[in-house]
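In the working numbering, the protein residues as written are 519 to 896.
Cβ atoms here follow ideal geometry from the backbone N, Cα and C, with glycine treated the same way.
Here's what the structure looks like:
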């Protein structure tokens, strides 16, 4: 059946919401979505699941799916189907083939126009075929989600190990250590710029005509995973340049408050990427990259950065100078080596899972237009 999106659904406005926590709890158990995807949790849903979220405001406006009841803030819409002959999951996958960022009212802030969206043509197959298409594509997304859960568990184990050794000071042999001025005897207290480079200069090879651009929207809240489907190739891209082993530390609100910090473990060997100036690149000098990442995720490090923020409300930025006096407690080389021996395999497993997920996304994205056009599964 050939029709238009306005004949099969409506776009409903989200609602304003302040201070949604970044982690779920017994009370806050419903996902909150904005124009670029999940941004936190809340106690009351706006819509029952399953549902489709459509970005409304911003330079990048994405399409997102929630299996469970969810909340949508006022930078996004959510889909309401008009009849039962359309499968919500099929609608989500079909909309992934629509470039909603071109459906723009031309305002100062790019905005998805509802009337223009409603006019977009769509071919709706019979419901049983919709279900088959959604099932095939969901199999890929289920594997990706499983990898994401495993990554979260692996990262949490590394973070807890760091906290146990270097925050609670229960490192190997701590029973025999003497504590002086809040640190074990023999540990050094060095300033952050002495142990890491902050926004280091990274050179691009001569003759490079394009570079992978990683937008802030590709960094997930609360953990190190990234959305590969948001990457771009840009000619002679400018901005913060980084490579594997670097840490991307969010410098604006609410990204910093929501825990956006990534360990760059997702580039091809030797590849250099470029990203938004909305994050600060941290690179180890003589510490391990994994140690720098775990340090950057501590409450102390983030709290120090948050205190330095200046700028207009809602768009404050971390000042690089805030790290000048931040003290990093460094243990003996033996303890550092033991920590590295424990966490390096964890980060290697995460890297493997990230690349598996990237390949799964690529395979899904190749199938998606073919399934929707009827080129396969007639």
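- Judged by DSSP secondary structure, residue 714 falls within the beta strand (DSSP E) whose first and last residues are 714-716.
- Within 10 angstroms of the beta-carbon of residue 660 lie fewer than 16 other beta-carbons, which makes it exposed.
- In the structure shown, residue 694 adopts helical secondary structure according to DSSP, grouped into three states.
- For residue 861, the enclosing alpha helix (DSSP H) covers residues 851-891.
- Rounded to the nearest whole angstrom, the CA to CA distance from residue 631 to residue 533 is 17 Å.
- Per DSSP, the unbroken alpha helix (DSSP H) holding residue 822 starts and ends at 817-825.
- In this chain, the alpha helix (DSSP H) harbouring residue 632 covers 632-636.
- Between the stretch 781-798 and the stretch 696-711, the count of C-beta pairs closer than 8 Å stays below three; the two stretches do not touch.
- The three-state secondary structure of residue 531, taken from DSSP, is strand.
- Look at residue 551 here: in three-state DSSP terms it is strand.
- The secondary-structure analysis by DSSP pairs residue 765 across a beta bridge with 781, 800.
- Residue state for residue 524 is assigned as helix, using DSSP reduced to three classes.
- Residue pairing by DSSP leaves residue 681 without any beta bridge partner.
- Here the alpha carbons of residue 602 and residue 573 stand approximately 24 Å from one another.
- Residue 767 is classed as buried because its beta carbon has at least 16 other beta carbons within 10 Å across all chains shown.
- Put simply, the stretch 543-561 does not touch the stretch 648-656. Fewer than three CB pairs are less than 8 Å apart.
- For residue 810, the secondary structure class from DSSP, reduced to helix, strand or coil, is helix.
- The stretch 850-865 and the stretch 679-690 touch, with three or more beta-carbon pairs separated by less than 8 Å.
- For residue 578, same chain residues with a beta-carbon under 8 Å away, outside a window of 5 residues either side, are 553, 554, 619, 733, 735, 748 in chain order.
- Within its own chain, the residues whose Cβ lies closer than 7 Å to the Cβ of residue 841, once the five positions on either side in sequence are excluded, are 710, 711, 716, listed in chain order.
- Within the same chain, 522 come within 6 Å of residue 639 by CB-CB distance, once the 5 residues on both sides are set aside.
- Of 666, 596, 797, 561, the smallest CA-CA separation from residue 879 is found for 666.
- Bounds of the alpha helix (DSSP H) holding residue 613 are 606-613.
- Nearest C-alpha to residue 596 among 623, 615, 635: 635.
- Linking residue 629 to residue 700 through their CA atoms gives a straight-line distance of about 52 Å.
- Taking 3 residues as the shortest admissible run, the stretch 619-674 contains the following complete beta strand (DSSP E) segments, listed from N- to C-terminal end: 639-641.
- Per the coordinates, the alpha-carbon of residue 847 lies some 10 Å from the alpha-carbon of residue 813.
- The C-alpha of residue 693 is placed about 44 Å away from the C-alpha of residue 876.
- In the three-state DSSP reduction, residue 701 falls in the strand class (E or B).
- Distances from the CA of residue 527 to each of 637, 698, 676 were compared; the closest alpha carbon is that of 637.
- The Cβ atoms of residue 610 and residue 591 lie no closer than 9 Å to each other.
- If you look at residue 571, you'll find it in the beta strand (DSSP E) that goes 569-573.
- Per the coordinates, the alpha-carbon of residue 827 lies some 18 Å from the alpha-carbon of residue 537.
- Of 570, 649, 604, 643, the smallest CA-CA separation from residue 614 is found for 570.
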